[in-house]
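Below you'll find the structure, written out as C-alpha cells, and then a few comments.
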C-alpha cells in the first residue's frame with residue numbers, strides 16, 4: 021500500500037480486476053490508501069471493506085491511480101458490499117465539506133457512514149400485529165399498545181414506532197409477545213419503509229397558498245436554490261412547507277428536514293402522522309444502532325423518502341435528494357461544538373447545491389447570515405407577516421426592575437405575579453422563562469467569599485436541588501456539598517447568588533400553592549418519551565404554570581398559554597460577543613411567541629434592568645427589519661461574519677506550558693498568512709481556560725471572505741506535526757469564543 025498526496029476526480033466509473041484504486045477509509049488518522057481491484061471489478065463510489073494492518077475497515081472507492089511497479093505487493097479490496105454506491109452528489113458534498121471545515125475526507129466519510137453502525141451486518145427485520153391470545157387483565161399501558169395495533173389500518177409497525185406512539189417501556193412489548201397477545205412478523209432483509217403517500221393541505225389561507233405554490237414550483241425545477249421562509253410565530257410555516265415536502269415525494273425524490281433539538285421533532289412527528297401517516301424516519305442520538313442501520317441502508321437505496329432529525333442527519337447519503345428544510349435555521353444548536361466542528365445549516369445549503377435540490381430556511385427570526393444573503397439576492401425570500409386564523413401577536417410590556425424592590429431571594433415581580441393570578445382564574449396557562457438550569461448558578465462561602473468551582477474546569481458550580489448535588493455544566497461532573505470551604509477550610513454556610521429555574525419553581529409554589537406546575541428543562545426529562553408526555557400534559561390543560569429554559573422557546577403550540585413572563589435575560593446581552601444582541605433578540609421573540617397562538621389573547625412581560633437597550637425596544641416595537649439592518653451595518657463596519665471570515669484554532673493539553681509553547685510555535689508558522697491580509701489574534705488563554713482537566717489556548721484568524729483562507733491554512737498545517745498530548749481543533753465560522 022502507498023499513500024497519495026491528493027485525490028483527483030475520476031472520469032472512469034468502473035475498474036477491472038488488477039487495476040489500482042484510491043479508497044477513502046473510515047479510519048482515524050488515515051485519509052486514503054491504494055488497493056488492487058478484486059475479481060469481478062468494482063464501481064466508482066462502491067462501499068467496500070479493505071485490510072488495514074491486522075483488521076478490516078470500511079471505505080469508499082474514490083478514484084483510479086496509476087499502477088505501481090510494486091503492485092504485486094499491494095493488498096486487494098477484501099469485499100465489495102452489496103449496497104448502492106455513493107453517487108457523485110454525495111462524494112462532492114463530502115469533499116467540499118471537508119475542505120470548507122478543514123477536516124480530513126475520511127472524517128467526512130465517518131460522518132456519512134458511521135462505521136460503528138456495521139452497515140454490512142445482516143439482520144432479520146420484523147413488525148408487530150395482533151396475536152391469537154386474549155388478555156384477562158388490561159393495564160393502561162397494554163390498552164394503549166393494543167389500541168394502536170387495532171387502528172393501524174393493517175400497516176406494518178416496528179418496535180421503535182410502537183413504543184414511541186404508545187408511551188410504554190420495552191418490557192411491556194416483550195410481555196405481550198410472551199403472552200402471544202401480539203406477534204412478530206418477519207420481513208425480508210433490507211425491506212423498504214412503507215411507501216409514503218404525498219398529501220397536500222386543504223386548509224391554507226390565500227397568502228399561505230401563494231407561498232406554498234411558489235415553494236412547490238421550486239421543488240419541481242429539480243435544481244438548487246435557497247429560500248428563506250420567514251413568518252411570525254404561529255403563522256403556519258410548517259403547514260406551508262409541508263406541501264413542498266409532498267411535492268418532492270410525488271416526484272419520487274427524497275426529503276431531509278432538520279431541527280436544532282430533538283424536542284422539536286415531537287411536534288413535527290404529529291404533523292407528519294396527520295399528513296402522511298407512515299413511511300418516514302427520525303434520526304438523532306436517541307435512535308438505536310439497529311434502527312439507524314436500517315435507515316442508512318434505505319436512504320442509500322432511495323426507498324426511504326423522508327427523514328427528519330438533528331444536525332448530524334445532514335451527512336446521511338441520500339441517493340436522490342429533492343428538498344432540504346432547515347427549521348428554526350437561526351438556532352445556534354445547529355453548530356457542532358464538540359469533536360468535529362461544522363454548522364448544520366451551512367452544510368445543508370452545501371448539500372442542496374451538490375444534490376440539485378432547493379433548500380428552505382425557516383424561521384420567525386432569521387439569522388443575520390441568512391438575512392444578508394437575502395439582501396444580496398443570493399437567496400429568495402417569502403414572508404408570512406400574520407398569525408394563522410384569528411390569532412394575534414402578543415402584546416409586550418417591559419417591567420423596569422430598577423424601580424422594583426423585591427424581597428431577598430425573590431425574583432418574580434408583583435406585575436408578573438398579578439398577571440399569573442389573573443390567568444389562573446380564567447383557566448389559562450402562564451409561562452415563566454429563565455434560560456438557566458438548576459437552583460442557583462453560584463455558591464459563595466459566607467466566611468471568605470470563595471465561590472465553589474469545578475476541579476476539572478474553569479467553571480463555577482451550579483446547585484441542583486433535583487440531583488441534591490452541585491454540578492459543573494461544562495464537564496457534567498457532580499459534587500457533594502463540601503463540609504468545609506475549600507479555600508478557608510472553615511465549617512461554613514454558602515450564600516446562593518442568582519436564580520436557576522428550580523429556584524423560580526420554589527418561589528412560584530410559594531406564591532401559587534394550588535397551581536399545577538410543570539418544569540421543562542433538559543435536566544427534568546430522561547428521554548424524548550418523557551418530554552413528549554410533559555408536552556401532552558400542557559396541551560391537555562392539566563398545567564397552570566410552565567417554568568422552562570430555552571427548550572420551551574420555539575416550535576411548540578400550547579393552546580391554553582396566554583401569558584409569558586421573562587425573569588432574567590439581561591445577562592445574555594453582556595460579554596462582548598458579536599452575536600449577543602442578535603441571539604437575545606431571537607430568544608425573546610421566540611419565547612414570547614408561545615403565547616396567544618390560538619383563541620386566547622397573548623401578553624408578555626419582560627423583567628429588565630436595561631429597558632433602554634435596543635433589543636428591548638425592538639421587541640416592543642416589532643420593528644425587526646430596522647434592528648437587523650443596524651446589526652448588519654455594525655458587523656460590516658467591524659468586518660466580522662457574515663462580512664468576513666473567522667477561524668479559531670484551539671490547542672488543548674494537560675500541561676499549560678507545553679500547550680502554550682506549541683500554540684506559539686504554530687502561530688509563528690502561520691504568520692505568513694499576514695501577507696494575504698489575514699489578522700492573527702493570540703495565542704492566549706481561552707475565556708474558559710481549562711476544560712475536563714485540559715488547558716485551552718486560542719488563536720483567532722480574521723480575513724476577507726474572498727480569500728481562500730481554508731486552503732492556505734490547510735497547506736501550512738499539513739506540514740506541522742503536533743507532539744503527543746497536544747491536540748488542535750479547527751473551528752471555521754465559530755459561534756462561541758470561549
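Numbering (the working numbering), first residue to last: 21 to 758. Every residue gets a Cβ at the ideal spot worked out from N, C-alpha and C, and that includes glycine.
For this session: With a threshold of 16 other CB atoms inside 10 Å of the CB of residue 643, please say whether the residue is buried or exposed.
Result: Result: exposed.
Exercise. Helix, strand or coil for residue 22 per DSSP?
Worked result: Only weak support exists for where residue 22 lies, its pLDDT of 34 falling under 50; the value from the coordinates is given anyway. In this structure, residue 22 counts as coil in the three-state DSSP scheme.
For this session: Identify, in the order they occur along the chain, each residue of the same chain with its Cβ nearer than 7 Å to the Cβ of residue 96, setting aside the five sequence neighbours on each side.
Result: Excluding sequence neighbours, residue 96 sits near 55, 56, 58.
Exercise. Where in the segment 574–624 do unbroken runs of the alpha helix (DSSP H), each at least 4 residues long, occur, reported from the N-terminal end onward?
Worked result: Here the runs fully enclosed are 600–612.
Exercise. In this structure, does DSSP put residue 680 in helix, strand or coil?
Worked result: Looking at residue 680 - three-state DSSP - the assignment turns out to be helix.
Problem set entry | Candidates 628, 247, 216: closest to residue 299 by CA position | When C-alpha distances from residue 299 are compared across 628, 247, 216, the shortest belongs to 216.
Problem set entry | Cutoff 6 Å; reference residue 210; Cβ partners in own chain excluding five residues on either side | Bear in mind that the predicted position of residue 210 carries a pLDDT of just 43, short of 50, making it unreliable; the figure below should be weighed with that in mind. 317.
For this session: Sort 226, 232, 165 by Cα distance to residue 202 and report the nearest one.
Result: Of the candidates 226, 232, 165, 165 places its Cα closest to the Cα of residue 202.
Exercise. If residue 629 and residue 590 are in contact, beta carbons under 8 Å, what's the gap, nearest whole angstrom?
Worked result: The Cβ separation is near 5 Å, so the contact holds.
Problem set entry | Paired residues, beta bridge with residue 277 - DSSP | Residue 277 is bridged by DSSP to 328, 345.
Exercise. Does the Cβ of residue 695 have 16 or more other Cβ atoms within 10 Å, making it buried, or fewer, making it exposed?
Worked result: By the Cβ-count criterion, residue 695 is exposed, with fewer than 16 other Cβ atoms from all chains shown falling within 10 Å of its own Cβ.
Exercise. Going by C-alpha distance, which of 267, 565, 478, 356 is nearest residue 344?
Worked result: Distances from the CA of residue 344 to each of 267, 565, 478, 356 were compared; the closest alpha carbon is that of 267.
Exercise. Cα-Cα, which of 520, 470, 464 is closest to residue 453?
Worked result: Shortest Cα-Cα distance from residue 453 to any of 520, 470, 464 involves 520.
For this session: On the DSSP bridge assignment, give the partners of residue 381 in chain order.
Result: Residue 381 is bridged to 248, 346.
For this session: Pair every Cβ in the segment 339–356 with every Cβ in the segment 376–388, then say whether three or more of these pairs are closer than 8 Å.
Result: Under the three-pair Cβ rule at 8 Å, the segment 339–356 counts as touching the segment 376–388.
For this session: Classify residue 73 as buried or exposed, calling it buried when 16 or more other Cβ atoms lie within 10 Å of its own Cβ.
Result: Exposed, because fewer than 16 other Cβ atoms sit within 10 Å of the Cβ of residue 73.
Exercise. Quick one: what's residue 525 bridged to in DSSP?
Worked result: Residue 525 pairs with nothing; no bridge assigned.
Exercise. Is it buried or exposed for residue 603, if we count other Cβ within 10 angstroms and need 16 for buried?
Worked result: Buried, since its Cβ has 16 or more Cβ neighbours within 10 Å.
Exercise. Where in the segment 673–756 do unbroken runs of the alpha helix (DSSP H), each at least 4 residues long, occur, reported from the N-terminal end onward?
Worked result: 676–689, 729–737, all fully within the segment 673–756.
Exercise. Which runs of the beta strand (DSSP E), 3 residues or longer, sit entirely within the segment 64–97?
Worked result: Segments of the beta strand (DSSP E) lying fully in the segment 64–97: 67–72, 75–84.
Exercise. Among 639, 579, 71, which residue has its Cα nearest to the Cα of residue 608?
Worked result: The shortest CA-to-CA distance from residue 608 to any of 639, 579, 71 is the one to 639.
For this session: Indicate the three-state DSSP secondary structure (helix, strand or coil) for residue 132 in the structure shown.
Result: Three-state DSSP puts residue 132 in a helix.
For this session: Using only alpha-carbon positions, find the residue among 553, 535, 523, 557 that is nearest to residue 569.
Result: Residue 569 has its Cα closest to that of 523, out of 553, 535, 523, 557.
For this session: Count the other CB atoms, across all protein chains shown, that sit within 10 Å of the CB of residue 261; report buried if there are 16 or more and exposed otherwise.
Result: Around the beta-carbon of residue 261, 16 or more other beta-carbon atoms lie within 10 Å, marking it buried.
For this session: Out of 714, 637, 692, 388, state which residue places its alpha-carbon closest to the alpha-carbon of residue 736.
Result: Selected option, being the one with the closest Cα: 692.
Exercise. Quick one: what's got a C-beta closer than 7 Å to residue 656's C-beta in the same chain, skipping five residues either side?
Worked result: So the qualifying residues of the chain are 663.
Exercise. Distance, Cα to Cα, residue 399 vs residue 270?
Worked result: Their Cα atoms are separated by approximately 25 Å.
Exercise. Apart from the five residues on each side of it in sequence, which residues of its chain come closer than 6 Å, Cβ to Cβ, to residue 253?
Worked result: Spatial neighbours of residue 253 in its own chain (CB-CB distance under 6 Å, excluding positions within 5 residues in sequence) are listed in chain order as 384, 613.
Problem set entry | residue 578 and residue 448 closer than 8 Å at C-beta | Taking 8 Å as the Cβ cut-off, residue 578 and residue 448 do not qualify as a contacting pair.
For this session: State the start and end residues of the unbroken beta strand (DSSP E) segment that holds residue 400.
Result: First-last of the beta strand (DSSP E) with residue 400: 400–404.
For this session: Taking the CB atoms as reference points, tell me whether residue 364 and residue 244 lie closer together than 8 Å.
Result: Result no, Cβ atoms of residue 364 and residue 244 do not sit closer than 8 Å.
Problem set entry | Integer-rounded CB distance, given that residue 748 should sit under 8 Å from residue 666 | That pair is no contact at about 16 Å.
Exercise. Distance, Cα to Cα, residue 411 vs residue 668?
Worked result: Looking at the two C-alpha atoms, the distance is approximately 45 Å.
Exercise. Quick one: what's got a C-beta closer than 7 Å to residue 47's C-beta in the same chain, skipping five residues either side?
Worked result: Cβ neighbours of residue 47 within its own chain (closer than 7 Å, five residues either side excluded): 72, 77, 126.
For this session: Measure the alpha-carbon distance for residue 397 versus residue 566 and round it to whole angstroms.
Result: Distance between the alpha carbons of residue 397 and residue 566: 41 Å.
Problem set entry | Contact set for residue 651: own chain, Cβ-Cβ below 7 Å, skip 5 residues either direction | Closer than 7 Å at the Cβ level, and outside the excluded window around residue 651, lie 388, 601, 602.
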